[in-house]
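Each protein sequence line maps, in turn, to chains A and B.
Counting from 3, one number per residue, gives the positions in the first sequence under the working numbering.
Counting from 3, one number per residue, gives the positions in the second sequence under the working numbering.
For every residue, glycine included, the Cβ atom is placed at its ideal position computed from N, Cα and C.
Protein chains: 2
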Amino acid sequence: MTTIRKKIIQTNAASIRLQALKTGTINQVLKHFAAALITHAPAILHANKKDLQQMDTGNPLYDRLLLTPDRLKAISGSIQKVTKLADPAGKVLEKRTLPNGLLLEKITTPIGVVAAIFESRPNVVADIAALCLKSRNACVLKGSRDAYHTNRAIVKVLHQVLKNHELPASLVLLLPPQREVVQELFTATKYIDVIIPRGSNSLIQYVRKNSLVPVIETGAGVCHVYVHSKADVQMAVSIVVNAKTSRPSVCNAMDTVLVDEAIAPVFLKELTTALQQEQVVLYADAASYQLLKGYPWLHKARKEDYYREFLSLACAVKIVKNEAAALQHIAEHGTKHSEAIVTNDKKTADLFLQLVDAAAVYHNASTRFTDGEEFGLGAEVGISTQKLHARGPFALEKLVTEKWVLRGKGQVR
Amino acid sequence: MTTIRKKIIQTNAASIRLQALKTGTINQVLKHFAAALITHAPAILHANKKDLQQMDTGNPLYDRLLLTPDRLKAISGSIQKVTKLADPAGKVLEKRTLPNGLLLEKITTPIGVVAAIFESRPNVVADIAALCLKSRNACVLKGSRDAYHTNRAIVKVLHQVLKNHELPASLVLLLPPQREVVQELFTATKYIDVIIPRGSNSLIQYVRKNSLVPVIETGAGVCHVYVHSKADVQMAVSIVVNAKTSRPSVCNAMDTVLVDEAIAPVFLKELTTALQQEQVVLYADAASYQLLKGYPWLHKARKEDYYREFLSLACAVKIVKNEAAALQHIAEHGTKHSEAIVTNDKKTADLFLQLVDAAAVYHNASTRFTDGEEFGLGAEVGISTQKLHARGPFALEKLVTEKWVLRGKGQVR
Numbered sequence: 003m004t005t006i007r008k009k010i011i012q013t014n015a016a017s018i019r020l021q022a023l024k025t026g027t028i029n030q031v032l033k034h035f036a037a038a039l040i041t042h043a044p045a046i047l048h049a050n051k052k053d054l055q056q057m058d059t060g061n062p063l064y065d066r067l068l069l070t071p072d073r074l075k076a077i078s079g080s081i082q083k084v085t086k087l088a089d090p091a092g093k094v095l096e097k098r099t100l101p102n103g104l105l106l107e108k109i110t111t112p113i114g115v116v117a118a119i120f121e122s123r124p125n126v127v128a129d130i131a132a133l134c135l136k137s138r139n140a141c142v143l144k145g146s147r148d149a150y151h152t153n154r155a156i157v158k159v160l161h162q163v164l165k166n167h168e169l170p171a172s173l174v175l176l177l178p179p180q181r182e183v184v185q186e187l188f189t190a191t192k193y194i195d196v197i198i199p200r201g202s203n204s205l206i207q208y209v210r211k212n213s214l215v216p217v218i219e220t221g222a223g224v225c226h227v228y229v230h231s232k233a234d235v236q237m238a239v240s241i242v243v244n245a246k247t248s249r250p251s252v253c254n255a256m257d258t259v260l261v262d263e264a265i266a267p268v269f270l271k272e273l274t275t276a277l278q279q280e281q282v283v284l285y286a287d288a289a290s291y292q293l294l295k296g297y298p299w300l301h302k303a304r305k306e307d308y309y310r311e312f313l314s315l316a317c318a319v320k321i322v323k324n325e326a327a328a329l330q331h332i333a334e335h336g337t338k339h340s341e342a343i344v345t346n347d348k349k350t351a352d353l354f355l356q357l358v359d360a361a362a363v364y365h366n367a368s369t370r371f372t373d374g375e376e377f378g379l380g381a382e383v384g385i386s387t388q389k390l391h392a393r394g395p396f397a398l399e400k401l402v403t404e405k406w407v408l409r410g411k412g413q414v415r
Numbered sequence: 003m004t005t006i007r008k009k010i011i012q013t014n015a016a017s018i019r020l021q022a023l024k025t026g027t028i029n030q031v032l033k034h035f036a037a038a039l040i041t042h043a044p045a046i047l048h049a050n051k052k053d054l055q056q057m058d059t060g061n062p063l064y065d066r067l068l069l070t071p072d073r074l075k076a077i078s079g080s081i082q083k084v085t086k087l088a089d090p091a092g093k094v095l096e097k098r099t100l101p102n103g104l105l106l107e108k109i110t111t112p113i114g115v116v117a118a119i120f121e122s123r124p125n126v127v128a129d130i131a132a133l134c135l136k137s138r139n140a141c142v143l144k145g146s147r148d149a150y151h152t153n154r155a156i157v158k159v160l161h162q163v164l165k166n167h168e169l170p171a172s173l174v175l176l177l178p179p180q181r182e183v184v185q186e187l188f189t190a191t192k193y194i195d196v197i198i199p200r201g202s203n204s205l206i207q208y209v210r211k212n213s214l215v216p217v218i219e220t221g222a223g224v225c226h227v228y229v230h231s232k233a234d235v236q237m238a239v240s241i242v243v244n245a246k247t248s249r250p251s252v253c254n255a256m257d258t259v260l261v262d263e264a265i266a267p268v269f270l271k272e273l274t275t276a277l278q279q280e281q282v283v284l285y286a287d288a289a290s291y292q293l294l295k296g297y298p299w300l301h302k303a304r305k306e307d308y309y310r311e312f313l314s315l316a317c318a319v320k321i322v323k324n325e326a327a328a329l330q331h332i333a334e335h336g337t338k339h340s341e342a343i344v345t346n347d348k349k350t351a352d353l354f355l356q357l358v359d360a361a362a363v364y365h366n367a368s369t370r371f372t373d374g375e376e377f378g379l380g381a382e383v384g385i386s387t388q389k390l391h392a393r394g395p396f397a398l399e400k401l402v403t404e405k406w407v408l409r410g411k412g413q414v415r
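As structure tokens, then:
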């Protein structure tokens, strides 16, 4: 047995220690963790410097990896917030007495051991550990090599807090950043209950393909805003601009704008005025290309551009005949993440909200709201684009499973 | 593209037709299906005869495969029951107005396309198709070669009913029984939302290992009854006998009885008197072997016997020191299916119910109750032994996913 496997087994064995822990106790642990991150800021920032030294300052990941006292305060504050969220475990979801007298309850319980594989950003390790502990799950964390010293320093602080509360450090296991250790996760079906990959699409596909442990994908978002013929043009422009430009690097940013041909000339004219200021690059289909002529960052769209998650100040444009064509385009090109319609016609909006198959569907609002905090759920492990267990923001409330508890007086069948 | 893939794509495209279907309409379809199974009984029984002719009458699967007019009536009745269950789709799970004025709702929606891979029994094809249609899911069904003519005859009846309601037959796709077609399911991540293997452990492991589509395991049950030192001996005997002998071939039957050493001599004596009548074979650890000497069907247990799902009139026996030892044994050997404790000590019972990690945990009742009908949920697709999405009976209520629906007035972030 490998050392890694042994550690995973220890984490699994320790997980039972969390099951009976009271809400107040776990909140105390998290409060101390939040405070300790500030007390130990020098050590953490020092470790972060080590990581940064190994990265080229021109690397786009450099800023994501960089910790400052302020950023560390934000991480600490985010853990404080988790202490204020409702306890997801121990909720009675159903309760009834069966005809034979058995008292049946369905109760939320911790999942057990949650594994997360993630890239760069140092807040992720603290966030996921805090969410797992709050929901009474042990966790196995595998960050990227780039952030290893930082992650290790943060987890070291947490281990000390756990020990102070007489809880085993093995409840939070940080794995070394070698890719080989991931294989140990994938085959540990007996000891790990779920694996959550958070990061690039290639990471997610790799995990999906190789893991025997159930996976919750927190996937890529190819998101659309559909501007219907009965849209308020000003509102449509404002939503599209926001969905594309407010934070282009995130999964809920818009990738393609679809516009009804009836409204296209007016809408595209207004839109380009706004997008021009942000120098947004447009990939346009033949019909919209004609209307957009003269726009300085214009390209002809290739078929594959409609499958792209741009993650930058660029988007695709397509003119559609009607709502049926828009729905069809989204069904083919969307990734079931976030989809919006802008229209003043309630019937069309309702049809869109019902028929579009996505985690979050919007009428007259920006796709950018798909987010745990925005939805009032608190921090999230990621945005799930699959349909089982968690869909959309995968937040604290979904870090539990269910258990059927039956109390009898000797009933047999 | 293969013919099978084309058909799967058709099924996916058709699935949208179900989304807007009213509860009353789908119940009508199912009622007609139930009635048509009786009207077309001769054709179905004829097809069943064809399947049976290819099987040796001595094969233990022969009786499972055999359809009679009465069994067909039972299948029809089971579909009638599905029409009476509450509609799982369209339930508003959450509803609130966000601080920015967005109206947020979380609503249950159909999963989309559900694939099931199953073995022998002809009721499965009708049950799963009915549950999927009721929950507005299209389905892709792959039965065993043994039952192919029967399955095809049943699906043919359903296709005619769908056509009579102007619904596409492609909503229910029955695949040919070649194993190769399963590969098409495993890679159809864009068109199939979940695969449910229902059958032997080797089938389930094969699907788990090879599918890129998320899988819900409906797995094997290595189930325990733990007789605590403060158990009512008569009750314990009655529960163990029922859990082992009432239907040994099913997953919720007991496989190992654990007994506290303090109560073991009395309990085992009473137990053997009862088990002897059923000729139950016992695999005993060293300590219980001594106490059981003279019992006619007694073996020494090997380590691996405690990992066995017997599915027959046989079980393992082990004497444990106390509840901690029992919990540890179950954690190591259980499959997280159904676990029971017999005791009059409430505190020990509560500890057991909390700490045992299983889909269903019982105090003073038989493990045999883990079943959708028994729990009041109706027919089930299987018993899930995993922790995500559905745990325990995977019934109609879980054949849905969730969708976040947001209605705004132009909100941007």
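- Looking at the DSSP output, residue 299 of chain A shares a beta bridge with no other residue.
- Counting every other CB atom within 10 Å of its CB across the protein chains shown gives residue 181 of chain A a total below 16, marking it as exposed.
- DSSP places residue 234 of chain A outside any beta strand (DSSP E), giving it a letter other than H or E.
- Residue 314 of chain B and residue 250 of chain B have their C-alpha atoms some 5 Å from each other.
- Nearest in C-alpha terms to residue 218 of chain A, of all of A:113, A:27, A:357, is A:113.
- Counting only runs of at least 3 residues, the stretch 18 to 100 of chain B fully encloses the following beta strand (DSSP E) elements, listed from N- to C-terminal order: 94 to 99.
- The beta-carbon separation of residue 163 of chain B and residue 31 of chain B, rounded to 6 Å, stays under the 8 Å limit for a contact.
- Burial is judged here by how many other beta carbons sit within 10 angstroms of a residue's own beta carbon; residue 146 of chain A has at least 16 and is buried.
- Taking C-beta atoms as the reference points, residue 223 of chain B and residue 311 of chain B count as a pair closer than 8 Å.
- Taking C-beta atoms as the reference points, residue 104 of chain A and residue 362 of chain B fail to come closer than 8 Å.
- Closest by C-alpha distance to residue 179 of chain A, out of A:191, A:74, A:108, A:142, is A:142.
- CA-to-CA, the gap between residue 305 of chain A and residue 137 of chain B works out to about 35 Å.
- Bounds of the beta strand (DSSP E) holding residue 365 of chain A are 362 to 367.
- Under the three-state reduction of DSSP, residue 240 of chain B is assigned to helix.
- The C-alpha of residue 71 of chain B lies about 30 Å from the C-alpha of residue 244 of chain B.
- For residue 261 of chain B, the enclosing beta strand (DSSP E) has its first and last residue at 256 to 262.
- Around residue 324 of chain A, the same chain offers 262 as residues with beta carbons nearer than 7 Å, after the five sequence neighbours per side are excluded.
- Residue pairing for residue 382 of chain B: DSSP places it in a beta bridge opposite B:397.
- CA-CA distance, residue 198 of chain B to residue 40 of chain B, rounds to 28 Å.
- Listed along chain A, the residues sitting closer than 7 Å to residue 216 of chain B by beta-carbon distance are 388, 390.
- Taking the CA atoms as reference points, residue 176 of chain B sits about 12 Å from residue 184 of chain B.
- Among the CB atoms of chain A, none fall inside 8 Å of the CB of residue 65 of chain B.
- Membership of residue 317 of chain A in the beta strand (DSSP E) is indicated by the continuous run 316 to 322.
- Excluding its 5 nearest sequence neighbours in each direction, residue 355 of chain A has C-beta neighbours in its own chain below 7 Å: 363, 365, listed in chain order.
- Judged by their CB atoms, residue 412 of chain A and residue 241 of chain B are nearer to each other than the 8 Å cut-off.
- For residue 404 of chain A, the three-state secondary structure derived from DSSP is strand.
- Secondary structure at residue 7 of chain B: helix, using DSSP grouped into helix, strand and coil.
- Assigned with DSSP and collapsed to three states, residue 226 of chain B falls in strand.
- Residue 269 of chain A: member of the alpha helix (DSSP H) spanning 266 to 279, first to last residue.
- A Cβ of chain A is located within less than 8 Å of the beta carbon of residue 371 of chain B.
- By the criterion of a C-beta distance shorter than 8 Å, residue 43 of chain A is surrounded in its chain by 71, 74, once the five residues flanking it on both sides are discounted.
- With respect to the C-alpha of residue 235 of chain A, the residue from A:213, A:345, A:260, A:246 having the closest C-alpha is A:345.
- Distances from the CA of residue 298 of chain B to each of B:336, B:307, B:274 were compared; the closest alpha carbon is that of B:274.
- Within the stretch 107 to 173 of chain B, complete beta strand (DSSP E) segments of at least 3 residues are found at 115 to 120, 140 to 144, given in chain order.
- The residues 31, in chain order, have a CB closer than 6 Å to that of residue 167 of chain B in the same chain once the five nearest residues on each side in sequence are set aside.
- Counting only the Cα atoms, residue 281 of chain B lies some 55 Å from residue 382 of chain A.
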